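Structure, as structure tokens:
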Amino acid sequence: MMKEIPSGVTAAKGFRAAGLRAGIKAGKTNKDMAMIYSEAPAVCAGTFTRNIVKAAPVLWDQKLVAEEGSARAVVINSGIANACTGEEGYANCAKEAAKAAEVLGVNQKEVLVCSTGVIGVQLAMDVVEKGIEMLSPALESSVQAASDAAEAILTTDTHKKEIAVQCEVDGKTVTIGGMCKGSGMIHPNMGTMLAFVTSDAAIEQPLLQQILREEVEDTFNMVSVDGDTSTNDTCLVLCNGMAGNDILTAESAGLPAFRQALREVLTYLAKQIAGDGEGCTRLFEVVCRGASSREEAKKISKSVVCSSLTKAAVFGKDANWGRILCAMGYSGASFDPEKVDIVLESDKGSLAIVKDGIAADYSEETATEILSGHPVRALLDVHAGEAEATAWGCDLTYEYVKINADYRS
Numbered sequence: 071m072m073k074e075i076p077s078g079v080t081a082a083k084g085f086r087a088a089g090l091r092a093g094i095k096a097g098k099t100n101k102d103m104a105m106i107y108s109e110a111p112a113v114c115a116g117t118f119t120r121n122i123v124k125a126a127p128v129l130w131d132q133k134l135v136a137e138e139g140s141a142r143a144v145v146i147n148s149g150i151a152n153a154c155t156g157e158e159g160y161a162n163c164a165k166e167a168a169k170a171a172e173v174l175g176v177n178q179k180e181v182l183v184c185s186t187g188v189i190g191v192q193l194a195m196d197v198v199e200k201g202i203e204m205l206s207p208a209l210e211s212s213v214q215a216a217s218d219a220a221e222a223i224l225t226t227d228t229h230k231k232e233i234a235v236q237c238e239v240d241g242k243t244v245t246i247g248g249m250c251k252g253s254g255m256i257h258p259n260m261g262t263m264l265a266f267v268t269s270d271a272a273i274e275q276p277l278l279q280q281i282l283r284e285e286v287e288d289t290f291n292m293v294s295v296d297g298d299t300s301t302n303d304t305c306l307v308l309c310n311g312m313a314g315n316d317i318l319t320a321e322s323a324g325l326p327a328f329r330q331a332l333r334e335v336l337t338y339l340a341k342q343i344a345g346d347g348e349g350c351t352r353l354f355e356v357v358c359r360g361a362s363s364r365e366e367a368k369k370i371s372k373s374v375v376c377s378s379l380t381k382a383a384v385f386g387k388d389a390n391w392g393r394i395l396c397a398m399g400y401s402g403a404s405f406d407p408e409k410v411d412i413v414l415e416s417d418k419g420s421l422a423i424v425k426d427g428i429a430a431d432y433s434e435e436t437a438t439e440i441l442s443g444h445p446v447r448a449l450l451d452v453h454a455g456e457a458e459a460t461a462w463g464c465d466l467t468y469e470y471v472k473i474n475a476d477y478r479s
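Quick note on the working numbering: the sequence shown kicks off at 71 and runs consecutively.
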């Protein structure tokens, strides 16, 4: 049985974290550096942006995950993305990892690094290295330490995003904790903006990598805020085996429980990102049912959640179902538009607005009331099969433009 517990990345045995202000960007007061540390070597898996323009930390982490497959620490900064910074930017990743290795007493190749913030600016390495020196003695396994780390990785996010769950694997209690950041430039094509998951489960590294890649497809890859895929998208999972379970393999009886718990963590974090989209007022969830295949269902649900016109209609509490049907039609999926049913739901109620591809007999006032709820859910049934998929996004507001017009300042 799975249960949620307080905390985040420090919930699992053997993990410590810290978050503080190092001064990455002058004139600010926010926490801007975080560190996650495992007391024992941890197998690691990662998914990364498919944007051709990849930030230096992405290149560093991709190499370590592929070649080493294990890690002891992750160092993260917010404020500056270390993207489009050339050889100097990559060299700074190596310096960052070397400094963390020095203060933690681990190998440089056991240190992953991540950055988020403004593109095209070099990190001030004296500030970063001083921050690492400050983070190391601050590492703790407390709930507060996890919270500090989750806060330190934020940029335009309005709140921290973290979760921890426990499940039973081979008679042992296994814990999985996670934190993420993401609010704008959200249209993942691998994982998410920055997400970090820690667990005390023992598992084979190739299997962890396979599971992460598969689970990301139905969680982080089903999220969109604005259609922009970041240069820094990274999702890392570290498992140190300190729960004491038998090492999970593809044949292990305990694998489904671990996988379900991991899926719960990733789903929660994905929804937190969608619901905290820049300037948004509500989470927008789109469920496509009755599709001929899961891939077709995913195409339809994500097309609707990405539609700027539909997102604007959700913001305006306007049940403009024609925009939804239109977005379904250009999704690339195959279905009969004359068999489509659409239902809107929220905490304010449920209302059928389309039946067999045409307007149902509904009240616009009731529809507006439902669209004022949070979250708002659109249920789409194409009556072509049994497959289903869910995508998450948010409404599109005036505030989104204001935030991104002033982002660098």
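Don't be surprised by glycine CBs; every beta carbon is placed ideally from N, CA and C. Only a predicted model underlies this, so the values are computations on that prediction, with no experimental measurement involved.
Boundaries (first-last residue) of the beta strand (DSSP E) holding A118: What sits at residue 118 in the sequence shown is Phe, not Ala. Note, F118: beta strand (DSSP E), 103 to 118.
The segment 277 to 294 / the segment 224 to 232 touching (three or more Cβ pairs under 8 Å): no
Contact check, F354 vs G252, beta carbons under 7 Å: no
R364, enclosing alpha helix (DSSP H) - first and last residue: 364 to 376
Proximity of E458 and R359 at Cβ, strictly below 7 Å: yes
Rounded C-alpha distance that separates D270 from E109: 11 Å
Short Cβ contact (7 Å threshold) for R120 with N259: yes
When K83, T380, N390 are compared against V213, the one with the closest alpha-carbon: K83
Chain-order list of residues whose beta-carbon lies under 6 Å from that of E366 (same chain, five-residue window excluded): A403
Buried or exposed by the 16-neighbour rule on C-beta atoms within 10 Å, applied to I428: exposed
Buried or exposed by the 16-neighbour rule on C-beta atoms within 10 Å, applied to K381: buried
Integer-rounded CB distance, given that L450 should sit under 8 Å from V356: 7 Å
As assigned by DSSP and simplified to three states, the class of L134: helix
Residues of its chain near N315, where Cβ-Cβ distance is below 7 Å and the 5 sequence neighbours each way are ignored: V239, D240, K242, V244, A271, A272, G324
Counted within 10 angstroms of its Cβ, other Cβ atoms place I122 as buried (16 or more) or exposed: exposed
Counted within 10 angstroms of its Cβ, other Cβ atoms place N162 as buried (16 or more) or exposed: buried
Length of the line joining the Cα atoms of H444 and L278: 34 Å
Cβ-based neighbour list, R329, same chain, cut-off 8 Å, excluding 5 preceding and 5 following: I281, E285
Reduced DSSP category for V176 - H, G, I as helix; E, B as strand; rest coil: coil
Limits of the unbroken beta strand (DSSP E) element including D411: 411 to 416
Segment limits, beta strand (DSSP E) that includes T243: 242 to 251
Backbone CA spacing between I343 and T304 [nearest angstrom]: 14 Å
Ordered list of alpha helix (DSSP H) runs contained in the segment 266 to 328, each at least 4 residues: 275 to 287
Closest by C-alpha distance to D406, when choosing among A454, Q178, V424: A454
Local Cβ density within 10 Å of T99, reported as buried at 16 or more and exposed below that: exposed
Cross-strand partners of F354 (DSSP beta bridge): V446, G463
Nearest residue (CA-CA) to D196, options T319, G149, I94, V413: I94
Segments of 3+ residues assigned as beta strand (DSSP E) that fall wholly inside the segment 159 to 242: 181 to 188, 231 to 239
Counterpart residues of A82 in DSSP-defined beta bridges: None, per the DSSP bridge assignment.
Beta bridge counterpart(s) of N147 as assigned by DSSP: M103, S185
Contact belief for V188 with I146 at Cβ below 8 Å, rounded distance in angstroms: That belief does not hold up - the Cβ atoms of V188 and I146 are roughly 15 Å apart, past 8 Å.
Cut-off 6 Å between Cβ atoms - residues of its own chain near V446, not counting five sequence neighbours on either side: R352, F354, V384, S416
Y338 versus S362: straight-line alpha-carbon distance, rounded: 27 Å
For E458, three-class secondary structure by DSSP: strand
Where R359 falls: helix, strand or coil (DSSP): strand
Pair within 7 Å by beta-carbon distance, K481 and S401: Nothing can be reported for residue 481: it is not among the residues displayed for the chain, which extend from 71 to 479.
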